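Asks: One structure coming up, written as structure tokens, with questions to follow.
Protein chains in written order, with the numbering used here: chain A, 42 to 503; chain B, 42 to 503.
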């Protein structure tokens, strides 16, 4: 177990950090409180000090102070984490990377870019506007690229463009002892040594602090179309997704929303989708005819499975209303119940089991004493629940815990994973043994080897 | 440094292995010689004994014997390695996995399969014939899936379908102490813990022995077309590749062959391609119209860059002649010079630097006293040289070493990697420091943590 940073050594670390960074190191209560939590139900836990380094060298200096005084370190990005990753449960130093917000390099010729960890995905896409390229990984929140890398984020477009796992080419990482390493290269593929890039992608700050990221970019599609389709039943919607994937139709987005989610979105975003299970689609291609071919094929599949016809969002402005409506699902769910807090969870299963998993989960959920919204990146076999809880109610929290555990264990029994994209943090730690068995010991061996003092985001993940 | 297995303990390990496996453990000289090398120029090094385990449990028992007597272990698949990975340079136990050749499970609904490590890629694709699916990763040789996983192999189709990195979902691995772990799940994505799957993919047997692999499969494309195009200059050919990738045209294969390679292929495969730099293309889609759109777009790019027009291989039998001709390039090169041996090397660079890298490399090569063939998975920025050497000539080996080093250092200076797909083995070890810097120490830390006795393929990679 990590040491709770003892008072005197923490005080010395704080003094050293203030000497290093001046006003960019602060133990003001309001700042520490802001860095005590993400967007989740987990109990906030403030750090002892928050640092705002501006360079990899400064992060390295912070890590050396952490090593000198054996004080824990937690990396912090946009604060949109859903599983308590950024809560400083053993106190110590929160490293806020938002001062590192430079886009270091864009190479349109090579379809790649290097950005600092604090750059957000919308900031990056704005900077790419004139290049004909985009960075499609899209977890909903305007997260930092550093946070997305550290949690192996994905989102609505992963079915076509992959997750952060597929889209990170290389990293700069500050190790526990303050050493700086560079992983990967700008080559598209390499067989030269262990894949450290992929080891750090998804490591949630427990092995090192990521300070810059080299990303793959993608050509903006020449042709795009989007549509929504309501279904008679959620099984029909999910079966449409399964058939689409099995046929290899390269949909760019295929998102599932249950009727509760549609209802909450309509209220929150002033939209008027039919209150029924729905799929939201997007098709991308280098060719208009190919987009038409894809959408015709998917429409036929939907109609055979209880789809009530496609409503097209052909104009850019219509599409630009559609996806924000989808992305506000979390806030729309919260608005269902004033004063409520969201417990958001996700699982991912092999696609053939998705309908069964969702139907059984919805049956479980039917008697819950709070609203539950279901949204899913269904093309990946991944779906989310939002439990809209009264945070003061122990009974509701216990019920959410029970429902979450039932869903996770069902997903694992189907060959799936306890989290498709939110990460482990605090919230999913209890399930790693069930998912990984003896492989969890190998993860712990790697952790001890790279962070022998257990200072890097201690008490999380492994 | 690894221990060279001392005589007495090796003798005891041999006795224990024979007691365990009977005739499936042999120290017959002919068998040990067969397991002393792959298909490369590196000095053969026989193991002390070769084992043919049939199950993961037997591999685990072999590893426990290796641990008891501190004897090295080298995993062996089809023996098609190009960088000396399988040479038993410190003696010990060669584990030949060809007895583990079962296709454990195919799930057409989920587009995945689990196979034992000794299954070859052609065997797998034959077994998939009735499913409408295929496993597209295609390194040329009929390698085992275990070997392809261990070397992070790719090949002609990686530009569209990715490498083994993108196509392995999970693994069973026997660790140095004989413990068995399962990495990954059958879910398409996961954010649950360190990505051990990717850590073992490309680890070349230095961290554990892979015994089964869960793979992504892909729908066989509804529409396929293939073509060749000769060019006035190799620059024109490479510039066509670069433009194709930059425009995001989803070619399935885009292979570069220089005039020396075309000449050797014509002689060996009785083909009659114009003796000029050439591109070999393949287009895949779910739609015939999309294949037509892609090929028209690429033809236009080629014509603008000195392409002399496309020769189409529209019928299946024509395509089935085209790609074997490409895949025999290594044997065709060897046939240029009876008694010669091939030194095969590869690098990979950002696509914008590919033309410059190839032209400079060919300028270097022009004065070489032996034939050199260039073939490339150009869409990935990856190309290969085959030095066709007199193995008895120290001068030729020295010249090959000098040329190889110049090419690798040029690729690294361009932001590339010392090997795109062949792996490190013995042949590229000297370049890892230049490529990875301090990250190499992190790789070594991981290696020591997971294989503290340095028994897993010692003397390789890190």
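All residues carry an ideal CB built from backbone N, CA and C; glycine is no exception.
All figures in this text were calculated on a predicted structure; none of them were measured in a lab.
(1) Under 6 Å Cβ to Cβ from residue 65 (chain A), same chain only, skipping five residues before and after it: list those, please.
(2) Name the two residues that bound the continuous beta strand (DSSP E) containing residue 325 (chain A).
(3) Specify, as a first and last residue, the run of the alpha helix (DSSP H) that residue 490 (chain A) falls within.
(4) When we look at the beta-carbon of residue 469 (chain B) and count the other beta-carbons within 10 Å, is it buried (16 or more) or exposed?
(5) Give the DSSP bridge partners of residue 211 (chain A), in chain order.
(6) For a contact meaning CB atoms closer than 9 Å, what does residue 463 (chain A) contact in chain B?
(7) Within 10 angstroms of its Cβ, does residue 181 (chain B) collect 16 or more other Cβ (buried), or is it exposed?
(8) Thinking residue 297 (chain A) and residue 279 (chain A) are a contact (beta carbons under 8 Å), I'd like their distance in whole angstroms, please.
(9) Name the chain B residues whose beta carbon is nearer than 8 Å to that of residue 460 (chain A)?
(10) So, is the C-beta of residue 83 (chain A) closer than 7 Å to a C-beta in chain B?
(11) Between the Cα of residue 344 (chain B) and the Cα atoms of B:272, B:488 and B:334, which residue gives the shortest distance?
(12) Counting only the same chain and skipping the five closest in sequence on each side, list residues whose C-beta sits under 7 Å from that of residue 276 (chain B).
(13) Grab me the residues of residue 283 (chain A)'s own chain with a C-beta within less than 6 Å of its C-beta, minus the 5 sequence neighbours each way, in chain order.
(14) Do you know how far the Cα of residue 269 (chain B) is from the Cα of residue 306 (chain B)?
(15) Note down the Cα distance separating residue 413 (chain A) from residue 371 (chain A), rounded to an integer number of angstroms.
(16) Beta-carbon separation of residue 316 (chain B) and residue 303 (chain B) under 7 Å?
(17) Which parts of the region 122 to 205 of chain B are runs of the alpha helix (DSSP H), unbroken and 4 residues or longer, counting only runs that do not cross its ends?
(18) Determine the contact status of residue 158 (chain B) and residue 141 (chain B), defining contact as a CB-CB distance below 7 Å.
(19) Counting only beta-carbon separations shorter than 7 Å, does residue 500 (chain A) have a partner in chain B?
(20) If you drop the 5 nearest sequence neighbours on each side, which residues of the same chain put their C-beta closer than 7 Å to that of residue 91 (chain B)?
(21) What's the call for residue 163 (chain A), buried or exposed, on a 16-neighbour Cβ count within 10 Å?
(22) Output the distance between the C-alpha atoms of residue 241 (chain B) and residue 408 (chain A), rounded to the nearest integer angstrom.
(23) From residue 289 (chain B) to residue 145 (chain A), what distance separates their C-alpha atoms?
(24) Just to confirm my understanding: we take residue 172 (chain B), look at its own chain, exclude 5 residues before and 5 after, and list those with CB closer than 6 Å. What are they?
(25) Once DSSP output is grouped into helix, strand and coil, what is the label at residue 423 (chain A)?
(26) By Cβ distance below 8 Å, which residues in the same chain neighbour residue 363 (chain B) in space, the five residues on each side in sequence not counted?
(27) Tell me whether the beta-carbon of residue 444 (chain B) lies closer than 7 Å to the beta-carbon of residue 437 (chain B).
(28) Output yes if chain B places a C-beta closer than 7 Å to the C-beta of residue 369 (chain A); else output no.
(29) I want to verify the contact list: residues of chain B whose CB lies under 7 Å from the CB of residue 244 (chain A), in sequence order.
(30) Evaluate residue 328 (chain B) with the Cβ neighbour count: other Cβ atoms within 10 Å of its Cβ, from every protein chain shown; 16 or more gives buried, anything less gives exposed.
(31) If the criterion is Cβ atoms closer than 7 Å, does the pair residue 501 (chain B) and residue 252 (chain B) meet it?
(32) Need the endpoints of the alpha helix (DSSP H) that residue 507 (chain B) sits in, please.
(33) Under 7 Å between the Cβ atoms of residue 195 (chain A) and residue 462 (chain A)?
(34) Measure the Cβ-Cβ separation of residue 456 (chain A) and residue 105 (chain B) and say whether it is below 7 Å.
(35) Is the shortest distance between the beta-carbon of residue 320 (chain B) and the beta-carbons of chain A less than 7 Å?
(36) Check whether the Cβ atoms of residue 458 (chain B) and residue 426 (chain B) lie closer than 7 Å to each other.
Replies: For this structure:
(1) Against the first chain, residue 65 (chain A) aligns to sequence position 24. Excluding sequence positions up to five before and after residue 65 (chain A), its CB lies within less than 6 Å of the CB of 93, all in the same chain and listed in chain order.
(2) For the purposes of this step, residue 325 (chain A) is taken as the residue at position 284 of the first chain. That run of the beta strand (DSSP E) goes 319 to 326.
(3) As a first step, residue 490 (chain A) is located in the first chain; it is residue number 449 there, counting from the start. For residue 490 (chain A), the enclosing alpha helix (DSSP H) stretches over residues 480 to 491.
(4) Indexing the second chain from 1 puts residue 469 (chain B) at position 428. So residue 469 (chain B) counts as buried.
(5) Locating residue 211 (chain A) in the first chain gives position 170, where the first residue counts as 1. Among the bridge pairs identified by DSSP, residue 211 (chain A) is matched with A:225 and A:255.
(6) Translated into positions along the first chain, residue 463 (chain A) becomes position 422. Correct list: 232.
(7) Numbered from its first residue, the second chain carries residue 181 (chain B) at position 140. A buried status is given to residue 181 (chain B), since no fewer than 16 other beta-carbon atoms sit within 10 Å of its beta-carbon.
(8) As a working mapping, residue 297 (chain A) is identified with position 256 in the first chain. As a working mapping, residue 279 (chain A) is identified with position 238 in the first chain. With a beta-carbon spacing of about 7 Å, residue 297 (chain A) and residue 279 (chain A) fall inside the 8 Å limit used to define contacts.
(9) Residue numbering aside, residue 460 (chain A) sits at position 419 when the first chain is read from its first letter. Those within 8 Å of residue 460 (chain A) in chain B are 231, 232 and 233.
(10) One-based indexing of the first chain puts residue 83 (chain A) at position 42. False, the Cβ-Cβ gap to chain B never drops below 7 Å.
(11) Numbered from its first residue, the second chain carries residue 344 (chain B) at position 303. Residue 344 (chain B) has its Cα closest to that of B:272, out of B:272, B:488 and B:334.
(12) For the purposes of this step, residue 276 (chain B) is taken as the residue at position 235 of the second chain. These residues qualify, in order along the chain: 396 and 400.
(13) What you label residue 283 (chain A) is simply residue 242 of the first chain in a count that begins at 1. If we look at residue 283 (chain A) and ignore the five residues flanking it on each side, its Cβ neighbours are 392.
(14) By one-based count along the second chain, residue 306 (chain B) stands at place 265. By one-based count along the second chain, residue 269 (chain B) stands at place 228. When rounded, the distance between both Cα atoms is 14 Å.
(15) On the first chain, residue 413 (chain A) is found 372 positions in, with the first residue counted as 1. On the first chain, residue 371 (chain A) is found 330 positions in, with the first residue counted as 1. In this structure, the CA atom of residue 413 (chain A) is about 11 Å from the CA atom of residue 371 (chain A).
(16) In the second chain, counting from the first residue as 1, residue 316 (chain B) sits at position 275. In the second chain, counting from the first residue as 1, residue 303 (chain B) sits at position 262. Yes, these two residues count as a Cβ contact at 7 Å.
(17) Scanning the region 122 to 205 of chain B for uninterrupted alpha helix (DSSP H) segments of 4 residues or longer gives 162 to 168, 186 to 191 and 199 to 202, listed from N- to C-terminal end.
(18) Stepping through the second chain from its first residue, residue 158 (chain B) is reached at position 117. Stepping through the second chain from its first residue, residue 141 (chain B) is reached at position 100. It is a contact, given that the beta carbons lie within the stated cut-off.
(19) Working through the first chain from its first residue, we reach residue 500 (chain A) at position 459. Cβ-Cβ to chain B under 7 Å: no for residue 500 (chain A).
(20) The residue labelled residue 91 (chain B) in the question sits at position 50 within the second chain. Within the same chain, Cβ atoms closer than 7 Å to the Cβ of residue 91 (chain B) are found at 67, 72, 73, 76, 135 and 137, the five residues on either side in sequence being excluded.
(21) Position 122 of the first chain, counted from the start, is the residue given in the question as residue 163 (chain A). Result: exposed.
(22) Position 200 of the second chain, counting from 1, holds the residue named residue 241 (chain B). Position 367 of the first chain, counting from 1, holds the residue named residue 408 (chain A). Straight across, the Cα-Cα distance linking residue 241 (chain B) with residue 408 (chain A) is about 44 Å.
(23) Locating residue 289 (chain B) in the second chain gives position 248, where the first residue counts as 1. Locating residue 145 (chain A) in the first chain gives position 104, where the first residue counts as 1. Rounded to whole angstroms, residue 289 (chain B) and residue 145 (chain A) show a C-alpha spacing of 23 Å.
(24) By one-based count along the second chain, residue 172 (chain B) stands at place 131. Excluding sequence neighbours, residue 172 (chain B) sits near 149.
(25) Along the first chain, one-based indexing puts residue 423 (chain A) at 382. The answer is strand: DSSP assigns residue 423 (chain A) an E or B state.
(26) Looking up residue 363 (chain B) in the second chain gives position 322. So the list reads 267, 269, 321 and 354, once near-sequence residues are dropped.
(27) Along the second chain, read from residue 1 onward, the residue named residue 444 (chain B) stands at position 403. Along the second chain, read from residue 1 onward, the residue named residue 437 (chain B) stands at position 396. Going by C-beta atoms, residue 444 (chain B) is not nearer than 7 Å to residue 437 (chain B).
(28) Walking along the first chain from the start, residue 369 (chain A) turns up at place 328. It does not; no Cβ of chain B falls within 7 Å.
(29) Numbered from 1 along the first chain, position 203 holds the residue referred to as residue 244 (chain A). Here the neighbours are 235.
(30) The sequence position of residue 328 (chain B) within the second chain is 287, counting from 1. Here residue 328 (chain B) is buried: its Cβ has 16 or more other Cβ atoms, across all protein chains shown, within 10 Å.
(31) Here residue 501 (chain B) refers to the residue found at position 460 of the second chain. Here residue 252 (chain B) refers to the residue found at position 211 of the second chain. Taking 7 Å as the Cβ cut-off, residue 501 (chain B) and residue 252 (chain B) do not qualify as a contacting pair.
(32) This structure does not reach residue 507 (chain B), given that chain B is present from 42 up to 503, and the question cannot be answered.
(33) The residue you call residue 195 (chain A) lines up with position 154 of the first chain. The residue you call residue 462 (chain A) lines up with position 421 of the first chain. Residue 195 (chain A) places its beta carbon less than 7 Å from that of residue 462 (chain A).
(34) Working through the first chain from its first residue, we reach residue 456 (chain A) at position 415. Working through the second chain from its first residue, we reach residue 105 (chain B) at position 64. For residue 456 (chain A) and residue 105 (chain B), no; Cβs fall outside 7 Å.
(35) Locating residue 320 (chain B) in the second chain gives position 279, where the first residue counts as 1. For residue 320 (chain B), the answer is no, since every Cβ of chain A falls outside 7 Å of its Cβ.
(36) The residue labelled residue 458 (chain B) in the question sits at position 417 within the second chain. The residue labelled residue 426 (chain B) in the question sits at position 385 within the second chain. The answer is no: Cβ separation not under 7 Å.
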